[in-house]
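Residue numbers (the UniProt record's numbering), protein chains in the order written: chain A, 1 to 366; chain B, 1 to 262. Take a look at the structure set out below.
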């Protein structure tokens, strides 16, 4: 998928009539196919030798009598271990990439990212609170919520940060983007300091849990986890296409977007709540997975242009593809052990991002 | 019909515009002139619904303060002084945003071709595929005008006039394109729409404006036809500059007026 997007980048300026919607539709179709391939590969790669043919065969035959495409052991591995992990990867990859694209549209800045305005830091604080204090101070709450406690705490942390941020940055119904970015840095610093205190208090076992959670991983994906965060992510993703037209208008500035008939304040509010929900839910299950939100929309803008009507769905698809790819690398590169996926996305994403900046210095106006 | 009664605007507790009355009828170009910092842009922003104001503004008899953005977008389009972009949109993609809010008023099925037609009107034929960020300031301004024209393509919609609000539409243009843009404004007014334009060039103002509103220190200093308003006394009072109207340069000093265009 990556190769395809880069190949498209070189031809941007040749669109003679300036209408890139046809190319965008083709790209989205190709990404759909790519995602299907990535899902199938993820389901079949690993220690068990279930082949792609047998997995598809099993799926096609379903509950038909005499379906022996997969052995009982392979079926267990594919459906109870790999499928939840793949599902989670798709959801989180899509959530991170779309959140990045929406934030960038909202702030009119191609470098904006949910990590930047403190959403991720707030969500982390919520999650770390549960990990460290779950057995003591917060015991009544965690025992009541069970496994839902961690995702809920992260979600609440992310949302609370965003709401405070929004209050600080909004005067008389107008949100100042500059204030919001600066306040986001301050709030992120505060959340990280509080997280630091909690880490200082943590015992050895908790420290190990924390480290692994913070580095980000899709390991330990279960249908139960998906049930707790999946609906939040799906709901947030479903709302975002309705923002596309408004975000396009916002590229011309808030006043002009208003002149074009966009209810700007409502647009901003919807985008902020949607992003904090999607990011909070993602951080809760997989910790910090960086660079997906910046690299994916960047690549796609080079290939199909910045029109959010196509950029948002394409980001969801490419984000999902790339996260599955990163997860495959994380699972296999130090097998039988497993690398946290956040390390993979950072090692691949950071230099790649720098490369894009150098190569496209003229086109991307920072 | 646009009517503003006793409009005042304060930004951050500081009064910028005070007690301005403003009327314009469809079919007219109303020019707002005045020195830098006299409140022209602030007043136009209030008229556009961007800023809170005291007093009353109605467009076609409807109170601006209770209009939703999408309702206002169907009545008027606004050209800002300058627009910068952070993303690599093509010219066509920008112009097409003019069709976003509502009803261009073009014949059914013509909307898809409007960006090209609007670009041709502002003398940017063949620019549709270029990147906006790579154009010169004057070209960018004309792209934005093409976008604004798409939004209110028909000057009259459902029997009601529509309006163009232009903030210094010719400030970064060469003389040829100044005339093209002002002729587009005049054409829009002759076909039943209304134009409110902030202008700095008094000769262009005299040539195209049906009515001039002169602003000075946040207040209205004079209103009327160019003949009534542009006098030696008013120019000295408002612009703090002793100039005489209608005096030719001495000797063989060349001068070029837009009025001489043939």
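Where is the CB? At the ideal position from N, CA and C, for every residue including glycine.
Quick check on the DSSP output: what are the complete beta strand (DSSP E) runs of length 3 or more inside the stretch 152 to 218 of chain B, in order along the chain? For the stretch 152 to 218 of chain B, whole beta strand (DSSP E) runs of length 3 or above, ordered along the chain, are 163 to 167, 194 to 198, 211 to 216.
Would you identify the three-state DSSP class for residue 85 of chain B, choosing helix, strand or coil? Residue mapping note: residue 85 of chain B aligns to position 85 of the second chain, counting from 1. If DSSP states are grouped into helix, strand and coil, residue 85 of chain B belongs with coil.
Nearest to residue 85 of chain B (by Cα), restricted to the options B:77, B:78, B:94, B:79: Residue numbering aside, residue 85 of chain B sits at position 85 when the second chain is read from its first letter. The candidate whose alpha carbon is nearest that of residue 85 of chain B is B:94.
Got a sec? Which residues, its chain only, sit under 7 Å from residue 238 of chain B by beta carbon, not counting five neighbours each side? The residue labelled residue 238 of chain B in the question sits at position 238 within the second chain. Within the same chain, and ignoring the five residues on either side of residue 238 of chain B in sequence, the residues whose Cβ sits closer than 7 Å to its Cβ are 34, 35, 214, 216, 221.
Express the C-alpha separation of residue 249 of chain A and residue 139 of chain A in angstroms, rounding to a whole number. Translated into positions along the first chain, residue 139 of chain A becomes position 139. Translated into positions along the first chain, residue 249 of chain A becomes position 249. Rounded to whole angstroms, residue 139 of chain A to residue 249 of chain A spans 48 Å at the Cα level.
As assigned by DSSP and simplified to three states, the class of residue 5 of chain B: Residue mapping note: residue 5 of chain B aligns to position 5 of the second chain, counting from 1. Residue 5 of chain B carries a strand assignment under DSSP once its states are collapsed to helix, strand and coil.
Taking a contact to mean a Cβ-Cβ separation below 8 Å, would you say residue 174 of chain B touches residue 138 of chain B in this structure? As a first step, residue 174 of chain B must be located in the second chain, where it is residue number 174. As a first step, residue 138 of chain B must be located in the second chain, where it is residue number 138. The answer is yes: Cβ separation under 8 Å.
Proximity to residue 5 of chain B [Cα-Cα], best of B:228, B:15, B:63, B:38: What you label residue 5 of chain B is simply residue 5 of the second chain in a count that begins at 1. With distances taken between Cα atoms, residue 5 of chain B lies closest to B:63.
Return the Cβ separation of residue 161 of chain A and residue 187 of chain A in integer angstroms, given the expectation that the two are a contact with Cβ distance under 8 Å. Position 161 of the first chain, counted from the start, is the residue given in the question as residue 161 of chain A. Position 187 of the first chain, counted from the start, is the residue given in the question as residue 187 of chain A. With 8 Å as the limit, residue 161 of chain A and residue 187 of chain A qualify as a contact, their Cβ atoms being about 5 Å apart.
Complete runs of the beta strand (DSSP E) confined to the stretch 15 to 58 of chain B [at least 3 residues]: Whole beta strand (DSSP E) segments, 3+ residues: 29 to 33.
Please report the distance separating the alpha-carbon of residue 246 of chain B from that of residue 199 of chain B. As a position in the second chain, residue 246 of chain B is number 246, starting the count at 1. As a position in the second chain, residue 199 of chain B is number 199, starting the count at 1. Those two C-alpha atoms are separated by around 19 Å.
When the distance is taken between beta carbons, is residue 251 of chain A closer than 8 Å to residue 89 of chain B? As a working mapping, residue 89 of chain B is identified with position 89 in the second chain. As a working mapping, residue 251 of chain A is identified with position 251 in the first chain. Going by beta carbons, residue 89 of chain B and residue 251 of chain A fall inside the 8 Å limit.
Between which two residues does the alpha helix (DSSP H) carrying residue 73 of chain A extend? Position 73 of the first chain, counted from the first residue, corresponds to residue 73 of chain A. Residue 73 of chain A -> alpha helix (DSSP H) spans 72 to 76.
Completely contained beta strand (DSSP E) runs for the stretch 106 to 153 of chain A, where each covers 3 or more residues: With a minimum length of 3 residues, no continuous beta strand (DSSP E) run stays inside the stretch 106 to 153 of chain A.
I need the boundaries of the beta strand (DSSP E) containing residue 79 of chain B, first residue and last residue. For the purposes of this step, residue 79 of chain B is identified with residue 79 of the second chain, where counting begins at 1. Unbroken beta strand (DSSP E) run through residue 79 of chain B: 76 to 79.
Residue 17 of chain A CB to nearest chain B CB: under 8 Å? Along the first chain, read from residue 1 onward, the residue named residue 17 of chain A stands at position 17. Output row for residue 17 of chain A: interface = yes.
Report yes or no: is there a C-beta of chain A within less than 8 Å of the C-beta of residue 105 of chain B? The sequence position of residue 105 of chain B within the second chain is 105, counting from 1. By this cut-off, residue 105 of chain B is not an interface position.
Residues of the stretch 83 to 97 of chain B with a CB closer than 7 Å to any CB of chain A: list them in chain order, please. Residues 83, 85, 86, 87, 88, 89, 90, 91, 92, 93, 97.
For the stretch 40 to 66 of chain B, which residues have a CB atom closer than 9 Å to at least one CB atom of chain A, in sequence order? For the stretch 40 to 66 of chain B, which is checked against every Cβ of chain A, the residues closer than 9 Å are 45, 48, 49, 50, 52.
Roughly how many angstroms separate the alpha carbons of residue 151 of chain B and residue 76 of chain B, rounded to a whole number? Locating residue 151 of chain B in the second chain gives position 151, where the first residue counts as 1. Locating residue 76 of chain B in the second chain gives position 76, where the first residue counts as 1. Computed Cα separation, rounded: 8 Å.
Quick one, which of B:225, B:261, B:219, B:70 has its alpha-carbon nearest residue 21 of chain B's? Against the second chain, residue 21 of chain B aligns to sequence position 21. Considering only alpha carbons, the answer is B:219.
The alpha helix (DSSP H) spanning residue 241 of chain B covers which residue range? To locate residue 241 of chain B, count along the second chain from 1; it is residue 241. That residue, residue 241 of chain B, is in no alpha helix (DSSP H); it is neither H nor E in DSSP.
Which residues mark the beginning and the end of the alpha helix (DSSP H) in which residue 369 of chain A is found? Since the first and last residues shown for chain A are 1 and 366, residue 369 of chain A lies out of range.
Chain-ordered neighbours of residue 110 of chain A on chain B, where CB pairs are closer than 9 Å: Your numbering for residue 110 of chain A matches position 110 in the first chain. Residues of chain B passing the Cβ test: 86, 87.
For residue 32 of chain B and residue 87 of chain B, the rounded distance between their alpha carbons: Here residue 87 of chain B is taken as the residue at index 87 of the second chain, counted from 1. Here residue 32 of chain B is taken as the residue at index 32 of the second chain, counted from 1. In a straight line, the C-alpha of residue 87 of chain B is about 33 Å away from that of residue 32 of chain B.
Is there a Cβ of chain C sitting closer than 8 Å to that of residue 256 of chain A, yes or no? In the structure shown, chain C does not exist; the protein chains are A and B.
What does residue 69 of chain B reach in chain A if we use C-beta pairs closer than 9 Å? For the purposes of this step, residue 69 of chain B is taken as residue 69 along the second chain, with counting starting at 1. Under the 9 Å cutoff, chain A gives 257, 258, 259, 260, 261, 262, 263, 264.
Assign residue 106 of chain B to one of three DSSP states: helix, strand, or coil. Numbered from its first residue, the second chain carries residue 106 of chain B at position 106. Note: residue 106 of chain B maps to coil in three-state DSSP.
How long is the line joining the alpha carbons of residue 82 of chain B and residue 136 of chain B, rounded to whole angstroms? What you label residue 82 of chain B is simply residue 82 of the second chain in a count that begins at 1. What you label residue 136 of chain B is simply residue 136 of the second chain in a count that begins at 1. Take the alpha-carbon of residue 82 of chain B and the one of residue 136 of chain B: they are about 12 Å apart.
Between the stretch 275 to 307 of chain A and chain B, which residues of the former have CB atoms less than 9 Å from a CB of the latter, in chain order? Under the 9 Å Cβ criterion, the stretch 275 to 307 of chain A contributes 301, 302, 305, 306, 307.
Note down, one range per segment and in chain order, each alpha helix (DSSP H) of at least 4 residues found wholly within the stretch 168 to 206 of chain A. Scanning the stretch 168 to 206 of chain A from its first residue to its last, the whole alpha helix (DSSP H) runs of 4-plus residues come out as 177 to 201.
Whole angstroms are fine: how far does the CA of residue 39 of chain A sit from the CA of residue 321 of chain A? By one-based count along the first chain, residue 321 of chain A stands at place 321. By one-based count along the first chain, residue 39 of chain A stands at place 39. Computed Cα separation, rounded: 8 Å.
Helix or strand or just coil, what does DSSP make of residue 284 of chain A? In the first chain, counting from the first residue as 1, residue 284 of chain A sits at position 284. DSSP places residue 284 of chain A in helix when its eight states are reduced to three.
How would you list, in chain order, the residues of chain B whose beta-carbon sits under 7 Å from the beta-carbon of residue 245 of chain A? On the first chain, position 245 is the one that residue 245 of chain A refers to. Ordered by position in chain B, the residues that pass the 7 Å Cβ test against residue 245 of chain A are 100.
Just reading off the alpha helix (DSSP H) that residue 112 of chain B is part of, what are its end residues? Locating residue 112 of chain B in the second chain gives position 112, where the first residue counts as 1. Per DSSP, residue 112 of chain B lies in no alpha helix (DSSP H) segment and is marked neither H nor E.
Going along the chain, which residues of its own chain have a beta-carbon closer than 7 Å to the beta-carbon of residue 28 of chain B, five neighbours each way excluded? The sequence position of residue 28 of chain B within the second chain is 28, counting from 1. Cβ neighbours of residue 28 of chain B beyond the five flanking positions: 189, 194, 210, 211.
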